[in-house]
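A.B. asks: This is the structure, below, for whatever I ask next.
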Amino acid sequence: MSRFWKPGTEKPRLVDDEEGGVLFYTASSSSSSGYGHASMEKQRQRLPVFKYRTAILYLVETHATTIIVGETGSGKTTQIPQYLKEAGWAEGGRVIACTQPRRLAVQTAASRVAEEMGVKLSEEVGYTIRFEDITNSELTRIKFLTDGVLLREMMDDPLLSKYSVIMVDEAHERSLSTDILLGLLKKIQRRRPELRLIISSATIEAKSMASFFDTSRRRLGRDGEENGPRKNPAILSVEGRGFNVQIFYVEEPVSDYIRAAVSTVNAIHDEEPMGDILVFLTGQDDIDAAIQLLTEDPHSRKQGLIVLPLYSGLPRGDQDLVFSPTPRGKRKVVISTNIAETSLTLEGVVYVVDSGFSKQRFYNPITDIENLVVAPISKASARQRAGRAGRVRPGKCYRLYTEEYFINEMSADGISEMQRSNLVPCVIQLKALGIDNILGFDWPASPSPEALIRALEVLYSLGILDDDAKLTSPAGFQVAEIPLDPLVSKMILASNDYGCSEEAITIAAVLSIQSIWFSDRGAQKELDEAKLRFAAAEGDHVTFLNVYKGFIQSGKSSNWCHKNHINYHSMRKVDEIRQQLRRIAQRIGIALKSCEGDMQVVRKAVTAGFFANACRLESFSHNGLYKTVRGSQEVYIHPSSVLFRVNPKWVIFHSIVSTDRQYMRNVIAIDPSWLTDVAPQFYQHQQLNPRPH
DNA sequence: TTGTGGTGT
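Under numbering that gives the first Met the number 0, the residue at position 571 of the first sequence is numbered 570, and the numbers go up by one with no gaps.
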């Protein structure tokens, strides 16, 4: 490696130091010959986690819960499951599970472990993510899976009885499903004392996680030592392979973080040795603005600077550019959203510029609306961002906020996703597992009672929960089986009565992905024209049916998608989700049936799920002002909707985006009489009569 | 007349 580095500008020795780590990741092509295996063993032993092997196994043996504080590159994800297996935790048909928040992490960890063990992936080592079950129920002893999949498994096996050890990795990220899982695992422990948990967490969270799992003080007046593991969690810290990152703060608060980021990039380029730069901004708008400043401003026009955007909505090909190696003598600048904080790892980054902000979702239980707002990040996020500079050699992180702000103002962990979300999907999951007292559930971070009560109300109004807040039969149990937002699931249930389940399933699949349209800001006009080819007078949901029909008629052609500004990858995903939903529908007794073009029944089925989102056009309105029937909130049809400027008198929306106005996205026209048909208890007749003028 | 932080079943 080091021969590629230009002497004098770099420190080759440090690069050599890291070579073990680099080799560890690149030696994967070696065969399973004796020699290859031996060298793999050596690589395993070089990982920081190796010297804690005995300690980890001892703690797992003696404690119900072990918290491993492991930094990036410690090897914990791939090694600990193997240590457990070697120590006998997979004997007697038992399985060791390791959960990840993301699909990609599941796949890469599983392949790596299979390779290290010299076994075929899917046999002794396997993985499960949605749409992909690479396991063998007879053979698989180590199983990687997303935490969402493990939650689904609990619906069939509430005690997760086949697992001897469950390792919850990346628990510090506190994703919605990780938090639900942690709460449930704590409950399972009471019924299964032999179960062991390993929670892998970042430093900052370890203590609160430990106190959450500490059940030792709950034993009331029972004398004598019980057999079995200790109830108070053990904490073990494992160092990572990251290099030191020097932190710099601004001396005075900046008023414009985009301009500050751009001038910081320019200063790094002028003054610092080679090495790529990663800039954290909040969204596509910020990123475009920063790139424009960097590339068009003559003062900041630099030679040798390759400026690349990175965000989730970016077309796949453009996203891949950030992974291409930086040509010699050039410097890559990646301007990114939070996607580079956890989901993607860029090698070669030496400098990080941190704006201190990210976009975060906030849910308002009073209005029942989720907003996406720019908000300050937490200390934990700031540390994670800084760490991105230390992967290949010592790095530098430039924070566009003051040190005083970091120390005194920045919150330690931020607000967990659970506390910022609509809890309808979460509540139905718990109800499906028979948890009656939702308000008393022991969460790692409790959501607000208002949000929980709102979720219970919504589920009650949908007929999914009864007066005792228990799942109704069969509707409630059916909805819980469908892996979608319960409002969408309710639409699918209703479609059975209307004879349009095929259409409802297609609509559900499209609604559950981000967008089927290929978004390109430069080609807005072409996109609008393409949309007109499929636009239906009834609204966006029916438009989706037209697009899907065209896609099928084209033979699922990528070329056809391209010509129509439709995202081919999205359509493939729609197809996958459709297949899954059709299987589930049949299993729960929904007949697959098409209404053969009768769009009235489709609209009625949508109404049966989304009646709470009904809106009426204000009779005096000339600019498309609607009011929600339930809360009299002012809303408008989003300009991306096919019903924009059509303004039917009555509409139902799928979701709201909130900017300067509240915009309804994915809108369908309805007849108000359907509302009282599908939800008589929710709507009273007098509310629906237009106000006299 | 406009906008998509990131995950996931």
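For each residue, glycine too, the CB sits at the ideal point set by N, CA and C.
Using a Cβ-Cβ cutoff of less than 6 Å, which residues in the same chain neighbour V457 once the five nearest sequence positions on both sides are dropped?
C.D. replies: For the purposes of this step, residue 457 is identified with residue 458 of the first sequence, where counting begins at 1. Excluding sequence neighbours, V457 sits near V423.
A.B. asks: Looking at C-alpha atoms only, which residue of R191, P192, P232 is the closest neighbour of M208?
C.D. replies: On the first sequence, position 209 is the one that residue 208 refers to. Closest by alpha carbon: P232.
A.B. asks: Decide if K555 is buried, meaning its Cβ has at least 16 other Cβ atoms within 10 Å, or exposed.
C.D. replies: Position 556 of the first sequence, counting from 1, holds the residue named residue 555. It is exposed - the Cβ of K555 has fewer than 16 other Cβ atoms within 10 Å.
A.B. asks: Reducing DSSP to helix, strand and coil, say where P308 ends up.
C.D. replies: Stepping through the first sequence from its first residue, residue 308 is reached at position 309. Here P308 sits in strand by DSSP.
A.B. asks: What whole-angstrom Cβ distance do Q359 and R419 have, given they're in contact under 8 Å?
C.D. replies: Counting from one through the first sequence, the residue named residue 359 turns up at place 360. Counting from one through the first sequence, the residue named residue 419 turns up at place 420. About 7 Å separates the two Cβ atoms, so the contact holds.
A.B. asks: At a cut of 8 Å, does the stretch 348-355 reach the stretch 393-402 through at least three beta carbon pairs?
C.D. replies: They touch, by the three-pair rule.
A.B. asks: When the Cα of V253 is compared with those of S262, R532, L526, which residue comes out closest?
C.D. replies: Position 254 of the first sequence holds residue 253. The option with the nearest alpha carbon to V253 is S262.
A.B. asks: So the alpha helix (DSSP H) D527 belongs to, where does it begin and stop?
C.D. replies: Walking along the first sequence from the start, residue 527 turns up at place 528. Residues 523-533.
A.B. asks: I'd like to know if the stretch 501-513 and the stretch 574-585 are in contact, where contact means that at least 3 CB-CB pairs between them fall below 8 Å.
C.D. replies: Contact between the stretch 501-513 and the stretch 574-585 is present, because at least three Cβ pairs lie under 8 Å.
A.B. asks: Can you list, in chain order, the residues of its chain whose CB lies under 8 Å from that of R129, leaving out five sequence neighbours each side?
C.D. replies: Taking the first sequence and counting its residues from 1, one reaches residue 129 at position 130. Closer than 8 Å at Cβ, skipping near neighbours: R102, T145, G147, V148, P482, Q579.
A.B. asks: Can the beta-carbon of S415 be found closer than 9 Å to that of R173?
C.D. replies: To locate residue 415, count along the first sequence from 1; it is residue 416. To locate residue 173, count along the first sequence from 1; it is residue 174. In this structure, R173 lies closer than 9 Å to S415 by Cβ.
A.B. asks: In whole angstroms, what is the alpha-carbon distance linking Y24 and I651?
C.D. replies: In the first sequence, counting from the first residue as 1, residue 24 sits at position 25. In the first sequence, counting from the first residue as 1, residue 651 sits at position 652. Here Y24 scores only 24 on pLDDT, less than 50, and its place in the model should not be relied on; the value that follows carries that caveat. Approximately 51 Å, taken between the alpha carbons.
A.B. asks: Across the stretch 642-649 and the stretch 520-529, are there enough close Cβ pairs to call them in contact, namely three or more that are closer than 8 Å?
C.D. replies: With the cut-off at 8 Å, the stretch 642-649 and the stretch 520-529 do not touch.
A.B. asks: For the candidate residues V666, K603, R629, D496, whose alpha-carbon lies nearest to that of K592?
C.D. replies: Position 593 of the first sequence, counting from 1, holds the residue named residue 592. Of the candidates V666, K603, R629, D496, the one whose C-alpha sits nearest the C-alpha of K592 is D496.
A.B. asks: Quick one: is R453 buried, meaning 16 or more other Cβ sit within 10 Å of its Cβ, or exposed?
C.D. replies: Mapped onto the first sequence, residue 453 falls at position 454. Buried, since its Cβ has 16 or more Cβ neighbours within 10 Å.
A.B. asks: Per the contact definition of three or more C-beta pairs closer than 8 Å, is the stretch 369-388 in contact with the stretch 327-334?
C.D. replies: As far as the Cβ criterion goes, the stretch 327-334 does not touch the stretch 369-388, which means the pair count is below three.
A.B. asks: Using a Cβ-Cβ cut-off of 7 Å (strictly less than) and excluding sequence neighbours within five positions of A590, which residues of its own chain qualify?
C.D. replies: For the purposes of this step, residue 590 is identified with residue 591 of the first sequence, where counting begins at 1. Here the set comprises N495, S500.
A.B. asks: Which whole-angstrom value describes the C-beta separation of N545 and A535, a residue pair presumed to lie in contact below a C-beta threshold of 8 Å?
C.D. replies: Sequence index remark: in the first sequence, residue 545 carries index 546 (1-based). Sequence index remark: in the first sequence, residue 535 carries index 536 (1-based). Sure, about 6 Å apart at Cβ, within 8 Å.
A.B. asks: Which stretch, first to last residue, makes up the beta strand (DSSP E) that contains E193?
C.D. replies: As a first step, residue 193 must be located in the first sequence, where it is residue number 194. Neither: E193 is in no beta strand (DSSP E) and is coded neither H nor E.
A.B. asks: Nearest CA to the CA of S618: which residue from S672, K430, K626?
C.D. replies: Position 619 of the first sequence, counted from the start, is the residue given in the question as residue 618. It is K626.
A.B. asks: Which of the three DSSP states, helix, strand or coil, is assigned to R229?
C.D. replies: Locating residue 229 in the first sequence gives position 230, where the first residue counts as 1. Strand, per DSSP.
A.B. asks: Please work out which residues of its chain come closer than 6 Å, Cβ to Cβ, to S311, disregarding the five sequence neighbours upstream and downstream, and give them in chain order.
C.D. replies: Residue numbering aside, residue 311 sits at position 312 when the first sequence is read from its first letter. Closer than 6 Å at the Cβ level, and outside the excluded window around S311, lie I338.
A.B. asks: Assess contact between the stretch 113-125 and the stretch 172-187, defined as three or more Cβ pairs (one per stretch) separated by less than 8 Å. Is contact present?
C.D. replies: Result no; under three Cβ-Cβ pairs closer than 8 Å.
A.B. asks: Return the CA-CA distance between T341 and V237, expressed in angstroms with no decimal places.
C.D. replies: As a position in the first sequence, residue 341 is number 342, starting the count at 1. As a position in the first sequence, residue 237 is number 238, starting the count at 1. The alpha-carbon atoms of T341 and V237 are separated by roughly 19 Å.
A.B. asks: What distance in whole Å lies between the Cβ atoms of R190 and H568, which are believed to be in contact at a cut-off of 8 Å?
C.D. replies: As a working mapping, residue 568 is identified with position 569 in the first sequence. As a working mapping, residue 190 is identified with position 191 in the first sequence. With 8 Å as the limit, H568 and R190 do not qualify as a contact, their Cβ atoms being about 42 Å apart.
A.B. asks: Helix, strand or coil: which one does DSSP assign to P448?
C.D. replies: Taking the first sequence and counting its residues from 1, one reaches residue 448 at position 449. Residue state, collapsed to three classes: helix.
A.B. asks: Taking 9 Å as the cut-off, decide whether the C-beta atoms of I655 and Y662 are in contact.
C.D. replies: Here the question's residue 655 lines up with position 656 in the first sequence. Here the question's residue 662 lines up with position 663 in the first sequence. Cβ distance < 9 Å, so I655 and Y662 count as in contact.
A.B. asks: Assign P638 to buried or exposed, taking buried as 16 or more other Cβ atoms, counted over all protein chains shown, within 10 Å of its Cβ.
C.D. replies: Taking the first sequence and counting its residues from 1, the one referred to as residue 638 is at position 639. It counts as exposed.
A.B. asks: Okay, do the stretch 428-437 and the stretch 472-479 touch, 3+ Cβ pairs below 8 Å being the bar?
C.D. replies: The answer is yes - the stretch 472-479 touches the stretch 428-437, with three or more Cβ pairs under 8 Å.
A.B. asks: Which residue marks the beginning of the beta strand (DSSP E) containing G386, and which one marks its end?
C.D. replies: Against the first sequence, residue 386 aligns to sequence position 387. G386 -> not in any beta strand (DSSP E); alpha helix (DSSP H) instead, spanning 378-386.
A.B. asks: Report the residue ranges of all beta strand (DSSP E) runs contained in full by the stretch 101-183; include only those spanning at least 3 residues, in chain order.
C.D. replies: 124-128, 131-133, 141-145, 162-167, all fully within the stretch 101-183.
A.B. asks: State the Cα-Cα distance for the pair S631 and D319, rounded to the nearest angstrom.
C.D. replies: By one-based count along the first sequence, residue 631 stands at place 632. By one-based count along the first sequence, residue 319 stands at place 320. Each residue's alpha carbon lies about 46 Å from the other.
A.B. asks: Mind checking whether L309 and I286 have CB atoms under 9 Å apart?
C.D. replies: Mapped onto the first sequence, residue 309 falls at position 310. Mapped onto the first sequence, residue 286 falls at position 287. Yes, the Cβ-Cβ distance between L309 and I286 is below 9 Å.
A.B. asks: Which one or two residues does DSSP pair with F652 in a beta bridge?
C.D. replies: As a first step, residue 652 is located in the first sequence; it is residue number 653 there, counting from the start. Answer is V666.
A.B. asks: Is the Cβ-Cβ distance between R602 and V509 less than 9 Å?
C.D. replies: Position 603 of the first sequence holds residue 602. Position 510 of the first sequence holds residue 509. Result no, Cβ atoms of R602 and V509 do not sit closer than 9 Å.
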